[in-house]
Every structure is written in structure tokens, then in C-alpha cells.
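Peer 1: Chains as they are written, first to last, in this note's numbering: chain A, 419 to 980; chain B, 4 to 371.
1) Locate the beta strand (DSSP E) running through residue 693 (chain A), then write down its first and last residues.
2) Could you pull out every unbroken alpha helix (DSSP H) segment of at least 4 residues lying fully inside the stretch 736 to 793 of chain A, listed in chain order?
3) Could you confirm whether any beta carbon from chain B is found closer than 9 Å to the beta carbon of residue 627 (chain A)?
4) What are the uninterrupted segments assigned as beta strand (DSSP E) that are 3 or more residues long and contained completely in the stretch 464 to 498 of chain A, given in chain order?
5) Examine chain A for any beta-carbon lying closer than 9 Å to the beta-carbon of residue 80 (chain B), and answer yes or no.
6) Does residue 1005 (chain A) come within less than 9 Å of chain B when only Cβ atoms are used?
7) By Cβ distance below 7 Å, which residues in the same chain neighbour residue 306 (chain B) in space, the five residues on each side in sequence not counted?
8) Taking only runs of the alpha helix (DSSP H) that begin and end inside the stretch 538 to 600 of chain A, which ones reach a length of at least 4 residues, in chain order?
9) Would you mind sorting residue 795 (chain A) into buried or exposed? The rule is 16 or more other CB atoms within 10 Å of its CB.
10) How would you call residue 315 (chain B), buried or exposed, if buried means at least 16 neighbouring beta carbons within 10 angstroms?
11) Helix, strand or coil: how does DSSP classify residue 718 (chain A) here?
12) Find the nearest neighbour of residue 910 (chain A) within the set A:901, A:902, A:890, judged by alpha-carbon distance.
13) Within the stretch 183 to 246 of chain B, note down every full alpha helix (DSSP H) run reaching 4 residues or more, in order along the chain.
14) Using 9 Å as the limit for Cβ to Cβ distance, is residue 84 (chain B) near chain A?
15) Using a Cβ-Cβ distance cut-off of 9 Å, determine whether residue 40 (chain B) contacts chain A.
16) Of all Cβ atoms in chain A, is any one closer than 9 Å to the Cβ of residue 140 (chain B)?
17) Whole alpha helix (DSSP H) runs in the stretch 827 to 873 of chain A with 4 or more residues, listed along the chain?
18) What's the call for residue 759 (chain A), buried or exposed, on a 16-neighbour Cβ count within 10 Å?
19) Applying the 10 Å Cβ sphere with the 16-neighbour rule, what's the burial state of residue 665 (chain A)?
20) Short of 9 Å Cβ to Cβ, which residues in the stretch 785 to 810 of chain A face chain B?
21) Which residues in the same chain have their Cβ closer than 6 Å to the Cβ of residue 803 (chain A), if we skip the five residues on either side of it in sequence?
22) Using 8 Å for Cβ pairs, my map puts residue 674 (chain A) next to residue 724 (chain A). What's the rounded Cβ distance?
23) First and last residue of the beta strand (DSSP E) that includes residue 903 (chain A)?
24) Within 9 Å of any Cβ in chain B, is that where the Cβ of residue 746 (chain A) sits?
25) DSSP three-state call for residue 811 (chain A): helix, strand or coil?
26) I want to see whether chain B comes within less than 9 Å of residue 713 (chain A), judged by CB atoms only; does it?
27) Chain B partners of residue 766 (chain A), CB-CB under 7 Å?
28) Could you spell out the range, first to last residue, of the beta strand (DSSP E) harbouring residue 169 (chain B)?
29) Identify the contact partners of residue 772 (chain A) in chain B, using a Cβ-Cβ distance below 8 Å as the criterion.
30) According to DSSP, is residue 369 (chain B) helix, strand or coil?
31) Using a Cβ cut-off of 9 Å, which residues of the stretch 236 to 256 of chain B contact any Cβ in chain A, in chain order?
32) Specify the secondary structure class of residue 81 (chain B) as computed by DSSP and reduced to three states.
33) Taking only beta-carbon atoms, is residue 76 (chain B) less than 9 Å away from chain A?
34) Using a Cβ-Cβ cut-off of 9 Å, state whether residue 292 (chain B) counts as contacting chain A.
35) Using a Cβ-Cβ distance cut-off of 9 Å, determine whether residue 151 (chain B) contacts chain A.
36) Can you give me the start and stop residues for the alpha helix (DSSP H) that residue 288 (chain B) sits inside?
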């Protein structure tokens with residue numbers, strides 16, 4: 419398969435420019451690049467979802483034009499999306515045959531075919547289980563099977579590892595090797611260098627919408643690859659001097675929260691959570707997603723009521739206080755999912771500036787909205803926080819992710835919070851905005867702000883935090899000193915492999931000093947890259963990898979265990 | 004920014020113009036298919052509709068329609084579909100008529116008492132649906148439509164000779180309100196206009212002010228736009244659901260008042276029904292905008308008035324129902340199309356401006 423000179427322009431932005439990509443049959447070909455580099459656009463072109471403005475696609479020596487995904491499927495190209503497209507309330511069998519009923523019917527023949535594919539590639543898919551009962555990794559295998567069922571000989575996997583834990587990543591890679599040995603071709607999109615190097619036969623690097631080079635994994639180090647991807651030095655999240663005081667700002671004691679999961683089993687999502695954040699302190703919370711971080715944030719914000727425990731803010735017990743009271747008392751909130759919790763997408767920017775602070779000045783006076791003052795203050799935020807927008811009357815939806823985030827940060831900072839809860843504050847944000855958001859957090863911390871920082875980006879976490887805690891299955895299992903800890907060590911605690919106080923071991927188990935080279939740099943956010951309309955042109959600098967560390971660290975941990 | 008505002012104005016006008024043109028085109032075709040001349044029909048409608056007595060009739064008809072639309076719109080603004088305005092206004096008007104008929108007080112007290120009773124009963128009836136939604140998760144569409152049926156049965160039970168009503172000829176109705184409860188009228192050359200039109204206008208202003216200028220209104224709209232964001236911002240979504248249902252119901256309580264205080268002076272078996280459903284159409288047509296809904300209510304009145312005249316001219320009277328349906332559909336579709344186009348245009352514009360900025364700063368950075 420060969421793509422030559424592919425160019426795709428979106429209004430105002432060139433997403434892909436003169437892309438060249440050659441994929442050999444029967445190989446795993448990795449496509450790497452930063453978020454917003456144009457990987458997803460390229461894959462959409464290949465899958466027929468977008469048409470290139472220029473350039474040609476050649477499959478097995480034949481030049482083709484793909485008008486739709488159906489076209490692509492007919493030519494043996496299948497795509498596994500980052501966000502699964504499965505109906506939860508149907509069985510695996512039903513999901514697989516959905517839309518492909520003509521192939522093998524919907525009954526025994528289809529079941530046999532599924533079994534056959536599943537066995538052939540070691541997917542271990544059970545046809546009669548409801549999809550809602552499956553874990554993430556199993557769902558992904560169902561997606562892969564769905565594509566194979568439709569006769570795909572070339573699979574495109576869009577950031578398949580973003581949602582997986584390390585063991586599942588290894589299992590996935592085993593599946594990919596299986597596919598490869600059967601003569602199938604896999605195109606694997608990722609920005610995680612460690613993964614790319616371990617599974618790919620060929621690598622193509624995309625930076626700022628164009629192919630900047632190819633690499634052969636056996637002859638490439640992560641550092642070289644990182645340099646290809648990034649192209650330049652980037653800011654680091656490191657904080658300078660400590661500003662930690664001994665005045666407690668937020669004290670959480672014995673917080674317990676249980677929830678009923680999909681099997682109807684009640685389980686503790688938060689268990690005995692106790693910690694204190696002082697004025698001027700950044701407490702970083704590490705953990706693989708889904709280990710209770712989101713619930714903890716919601717409990718502190720008053721969006722969930724815990725079964726037991728107390729939350730004290732600046733000496734005042736707020737355990738029972740409603741969310742609005744907590745916000746008025748000085749909790750600033752940068753939510754993990756800004757579209758769901760942080761913005762009114764179809765409302766103008768100035769209304770979004772009011773959101774969450776409707777009772778506070780300058781937004782309102784005596785119960786009435788002060789539109790004039792709110793508008794003026796929005797103008798100020800746009801100016802001071804460098805929100806790139808043509809005006810404050812445009813809807814929040816029309817801003818890029820980074821600018822939306824800057825608006826949220828600006829809004830929360832404008833009310834001089836005592837405590838800032840920052841959940842993945844730089845996720846899906848371009849590099850320029852990332853550095854700016856870090857600066858904001860640092861500056862406010864200097865003035866006595868207490869920060870609860872949650873991030874999947876271990877470099878960000880280590881770089882910004884004064885104290886580190888690790889959360890695993892709803893409990894705080896470990897703590898660490900960010901001055902000495904490495905992402906590798908932190909990573910192993912995140913998977914529950916280590917606990918207590920994490921000491922840094924100078925030589926320890928990690929023999930691969932080499933990849934620490936990219937440590938301390940920001941890494942691209944995990945998810946969201948392909949789900950948001952990204953304007954490549956708006957991020958002046960490419961993002962850099964860093965994830966290397968993290969992946970390797972997981973690997974190390976596994977090695978250690980073996 | 005100036006330019007965006009101008010574009011916005013054009014976009015704002017585009018939807019109704021598009022809708023009206025499309026609706027006229029479609030109805031012309033339909034009338035044409037029945038073998039009649041559509042343009043003659045329009046001429047008849049305009050001529051008849053612009054007569055003085057027609058104008059009075061239209062305004063009087065539009066007043067309850069407008070109030071009903073306001074009640075529905077409050078729910079719409081926070082994503083609640085209060086389909087039960089019909090039951091709410093009827094049960095409210097019934098009990099207000101009962102209370103009013105039992106009391107004989109000076110007008111300055113009697114009228115407010117009747118209105119307050121109506122609003123309270125309407126709010127109560129709608130509040131049931133609100134509570135059911137927040138406590139048991141019952142969809143408000145289901146519960147309000149059920150409450151319509153229950154409300155009709157309750158009225159049916161009490162509206163019997165010897166219970167709360169009495170018989171007069173073929174009609175059964177509640178006792179007449181005292182003369183002091185008669186609302187003022189605005190005399191014209193022909194028939195008078197109900198004074199309640201003033202209350203309706205005030206309700207429209209209050210609706211606008213509450214939603215657009217108060218914290219409460221902001222919270223309400225926030226819930227309508229994104230429940231999750233509203234919750235994170237500190238709005239109690241459950242309380243807001245109940246509160247807005249109460250407001251919607253209280254407004255619904257006003258719907259029957261122009262009739263009760265201005266025409267019938269009692270609640271009888273001939274009390275107008277179905278205004279709650281008309282309100283849904285008008286709220287859709289007026290896009291929940293207080294001025295838009297006023298125009299929509301007047302248009303509705305106009306169509307109903309002139310529809311009767313069309314019959315004399317040999318057209319099928321049902322044609323008015325067809326026109327109304329076509330207009331609502333066209334408006335809903337046109338607004339959605341224009342909204343999507345507007346959003347896209349805006350995103351494109353933002354993208355272009357930012358790309359231009361980025362190109363500039365890009366150069367600066369490269370050289371740096």
C-alpha cells in the first residue's frame with residue numbers, strides 16, 4: 419500500500435501536507451507523531467472518511483479512490499477506532515454481524531465464522547457475551563474481530579493502547595504479531611515511542627502534518643525517534659523553589675465512597691482516603707485512570723456525597739456543603755472532561771465565563787446577571803490568558819481544545835481560589851498553552867494556592883508537584899518525593915506493584931538510563947487527540963514524547979515481576 | 004466582532020424567512036393539488052384577517068396561546084418537555100372558578116385571589132411531574148400527559164350538578180364569578196379586547212427578565228444546555244427541575260384566565276381545551292423567544308380566524324390545520340439548518356483567524 423503526496427486542507431488549516439507513506443504487506447507499520455500532527459486525518463483519508471485534496475492512494479499497485487468507509491472495507495481495509503463503536507446491549511455476535519448480515523447470516527454460520535477467526539488469531543472472543551459485560555481490552559478485541567469478519571487484510575488501529583493497562587498492551591501486541599504472521603497488514607497509530615519500537619516493523623513519523631522521516635526500529639533509539647517527532651526543545655514542567663507552608667488548606671480524612679458497578683456488586687471506589695494539602699503546596703495524584711481519582715475530585719467538589727469521612731477547607735468543615743458553596747468558598751475546578759463539566763459548548767464565551775461563578779462578582783450583583791461587567795471581564799481573561807478567539811460572542815465550541823482550556827483556567831484563576839483542583843489540566847492542549855497553564859499554576863502556588871493535581875502525564879506530575887501520592891483501586895497506596903522519584907518508579911506503584919513510601923534507588927532495576935533522556939519534558943496527552951477537531955496550524959510547536967519513560971517503566975515492572 | 008454580529012443578524016432573519024417561504028410554497032402546492040387557486044386563498048385570508056373585528060378576535064385568541072407558549076418555553080429552556088400545560092391550565096382554571104364563584108370580594112382582592120389560586124393549582128399539578136422525575140426518574144413527558152388525563156377526570160368528577168357545579172340548560176358549569184371579578188376590557192370600534200392581554204405582555208417581559216438577567220435564569224439555562232456542566236458549576240439539578248416545573252405550571256395557570264375573567268365567568272363543559280398543545284407549537288415556532296412567541300401566537304390566531312372564511316370561499320377548512328402543521332415543521336427544520344450552518348461558519352471563521360495568527364507567530368518563532 420502506498421500513499422503519495424497526500425494533502426488535505428481544512429478551512430484555514432492544512433491538516434496533511436505532502437504525506438508519503440509506504441506500507442509493506444504482512445508488516446506492522448507504526449505511524450507516530452504528536453497529537454495534532456495529522457495522524458488521524460491521514461487515517462481517515464485511508465479509510466475513506468475524508469477525501470484528500472491532492473495525492474494518490476495505491477493499493478497493491480492499483481491506484482484507487484476511496485469515497486466512503488464501505489469502499490475501504492470492500493478493498494480490505496478496516497479500522498479500529500480509538501473510541502469503540504459497539505452497542506453495549508447486544509452480544510458480541512450481534513455486534514459483529516451488525517451491518518454485515520449478508521456475509522454469513524446472523525445465526526450458526528456467523529457464530530462458526532467468529533469462532534474460526536477468533537481461534538486463528540488467538541483473540542479469545544466469546545460470541546454470546548453481552549458487550550456491556552466486557553472489559554476494555556475485550557471490547558477492543560471484538561472491534562478487531564469485527565474488522566476481520568468483514569474480510570479486512572489491512573487493519574488500522576487508532577491509538578489502541580490509550581485505554582489499556584500494560585498487561586493488556588502486551589496481550590494486544592501478541593495479537594498483532596499473530597495477525598502479521600498470517601500475512602495481514604497492521605497500521606498502528608501511536609505517540610508512545612516504547613510501544614512503537616517494540617511492535618513495529620517500520621515506522622513513519624509525522625510532524626506538523628507532513629512525513630518527516632522513516633525509521634527501522636532495530637536501528638533506532640527512543641531518543642532519535644523523539645527528536646524526529648518533536649524537532650525542537652520544549653518547556654519543562656519543573657517547578658523552581660518550594661513554596662510549601664505548614665498551614666493546611668484542604669484536609670480530607672477517612673473518605674469512603676461506594677458505588678454499584680455494572681454487575682450489581684457494591685464496591686468501594688474510595689476507601690479511607692486521608693491527606694492534607696497545605697497553602698502553597700501542589701499535591702500530585704498519580705494513578706491509572708479509573709482507580710478513583712475522578713470520584714475523589716467529585717467528592718471534594720460536592721458532586722458526590724461520600725458515605726464516611728470529612729473534608730475541611732481552610733479550617734471549615736465542608737463535608738455537607740453543596741457544590742456552589744464550596745465554589746464560593748474558594749475551590750477552583752479545572753475538570754477532567756471540559757466538554758462535559760467545564761463548558762457550555764453552544765453558549766458564547768462570556769456566558770461560559772459566568773459558568774460556575776454565577777453568584778460572584780463581576781458576574782452578578784444582587785441576584786441579577788451583570789452582563790456588562792461579565793463581558794468586560796471575559797475580554798480581560800481572553801487578553802491575559804491569551805485565549806485565541808476573534809471575540810467573546812463566539813461559542814465555546816468553535817475554539818480549539820487548548821483555547822477552551824485557557825479560558826477555563828483563566829476563569830477559575832480569576833476568582834482567586836484557595837484550592838485549585840486540576841484534573842489533567844493540559845490534556846489535549848497544545849504545547850504553547852501547556853507551558854502557559856503550568857506557569858499559571860506555579861504563579862498561583864507562589865501566592866499560597868493549594869493545588870490538587872491529577873494527571874496521567876507523569877512528567878507533568880513529577881515536575882509540578884511538591885508531594886506525590888499514588889492511587890490504586892480507590893486507596894492511596896504510596897507516596898513519593900518528586901525531587902528524587904523517576905517516572906518508572908512511579909509507574910510501577912500505579913499498577914499496584916509497589917506501595918508505602920517509594921524510595922528512589924540509584925541503580926535499582928532500571929538499566930535503561932538511555933530513555934531517561936526525554937524525561938522532564940511534557941508528553942502528549944493520552945486521549946482525545948482524534949476525537950477533537952484539531953487544528954494543526956494552531957499549535958506552533960509539535961509536542962514531544964515522554965511517554966517513553968512511562969511505557970518502559972511498565973515494562974520494567976513486568977520484568978521485575980517475572 | 005462587528006461583522007460577526009451582522010452575520011448573526013442575517014442568520015437570525017434567515018431562519019424565519021426561509022421557513023415562511025418554504026411553508027408558503029408547500030401549502031400552495033397542497034392547495035393547488037386540491038384543484039383550487041392558492042393565491043386567491045391568500046388574498047381572502049389577508050383581506051378578511053385585516054378587518055377590524057378580525058384583529059380584535061385574533062388578539063383575544065392569541066392571548067391565552069401566548070401564555071401557554073410561555074409555560075411550555077420555560078420547560079424547553081431547560082430541556083424539559085412539559086406536555087401537560089393543557090391539563091395544568093384546565094385544572095387551574097376549574098379550581099380558580101370554584102374559589103372565585105364562592106367568594107364575593109371587592110375586585111381588587113377578588114381578581115388577584117382567583118389568579119393566585121389558578122397559578123398555585125397549575126404549579127402544584129406540574130410540580131407532581133417534577134417531583135416524580137427527581138425522586139423516581141419518571142420521564143416528564145409520560146407523567147405530564149398522564150396528569151392531563153387525571154386532571155380531566157378530576158374536573159369531570161367535580162363538574163357535576165350537586166358537587167361543585169350546577170346545571171344550566173344543557174351546560175354544567177361552576178357558579179358564576181361575582182361582577183367584581185370581571186377583568187377590565189379595552190374597548191375598540193368593534194368588540195373589546197380582553198384586558199388580560201396586558202398581563203400576558205407583562206408575563207412575557209418577566210419571562211425574558213427572569214431567564215436572561217437573573218442568576219436563577221442563568222442556572223436554569225445552564226441545566227438546559229448541559230446537566231453535567233450545571234452540576235459541576237454548583238446548580239442543584241434536581242431542585243432546578245422541580246422549580247422550573249413549578250414556574251411552568253404557574254404560567255400554565257394563567258392560560259385559562261383570559262377566558263374565565265373576560266368571557267365565560269365560569270368553568271363549564273364548554274371551557275376551551277387544547278390550548279396547552281397549541282402552546283407547544285407556538286413555543287416551537289417562536290423559538291422560546293418572548294417576541295417570537297408573541298408573533299407566533301398572533302399568526303396562529305390569524306390562521307384560525309381566516310380559516311373559517313376560507314370555508315365560505317369553497318376551500319376545505321382543514322387547509323388551515325395543514326398550513327399550521329407545515330409552518331411548524333418548516334420552522335423547526337429551517338432553524339436547525341441555519342443553526343448548524345451558523346455553527347460551522349463560526350468554527351470556520353475562528354479557524355481562519357487563528358490560522359492567520361499562527362502563521363504570523365510561527366514565522367516569529369522560527370526566526371527566533
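Here a beta-carbon is modelled for each residue, glycine too, at the ideal position from N, C-alpha and C.
Peer 2: Answer, in terms of the structure:
1) 684 to 696 is the span of the beta strand (DSSP E), which, as asked, contains residue 693 (chain A).
2) If only complete runs of 4 or more residues are kept, the stretch 736 to 793 of chain A shows the alpha helix (DSSP H) at 741 to 746, 767 to 772, in order along the chain.
3) no
4) As far as the stretch 464 to 498 of chain A is concerned, its whole beta strand (DSSP E) runs of at least 3 residues are 472 to 477, 480 to 482, 495 to 498.
5) no
6) Outside the shown range of chain A (419 to 980) lies residue 1005 (chain A), about which nothing can therefore be said.
7) Hits under 7 Å: 323, 326, 327.
8) 554 to 567, 584 to 599
9) buried
10) exposed
11) Helix.
12) A:890
13) 199 to 216, 218 to 228, 230 to 236
14) no
15) no
16) no
17) Taking only runs of at least 4 residues, the alpha helix (DSSP H) segments lying wholly in the stretch 827 to 873 of chain A are 849 to 864.
18) buried
19) Sixteen is the threshold: since fewer than 16 other Cβ atoms of the shown chains lie within 10 Å of the Cβ of residue 665 (chain A), the residue is exposed.
20) 785, 786, 787, 789, 806, 807, 808, 809, 810
21) 824, 828
22) Yes, residue 674 (chain A) and residue 724 (chain A) are in contact; Cβ-Cβ is about 6 Å, under 8 Å.
23) Element bounds for residue 903 (chain A): n/a, residue is neither H nor E.
24) yes
25) coil
26) no
27) What residue 766 (chain A) touches in chain B: nothing, since even the nearest Cβ is about 10 Å away.
28) 169 to 171 is the span of the beta strand (DSSP E), which, as asked, contains residue 169 (chain B).
29) For residue 772 (chain A), the chain B residues whose Cβ falls inside 8 Å of its Cβ are 221, in order along the chain.
30) Low local confidence applies: a pLDDT of 41 at residue 369 (chain B) is under 50, so the model's placement there is unreliable, with the coordinate-based value given in what follows. Reduced to three states, the DSSP call for residue 369 (chain B) is helix.
31) 236, 237, 238, 239
32) coil
33) Taking CB atoms only, residue 76 (chain B) has no neighbour in chain A less than 9 Å away.
34) no
35) Cβ-Cβ to chain A under 9 Å: no for residue 151 (chain B).
36) 278 to 288
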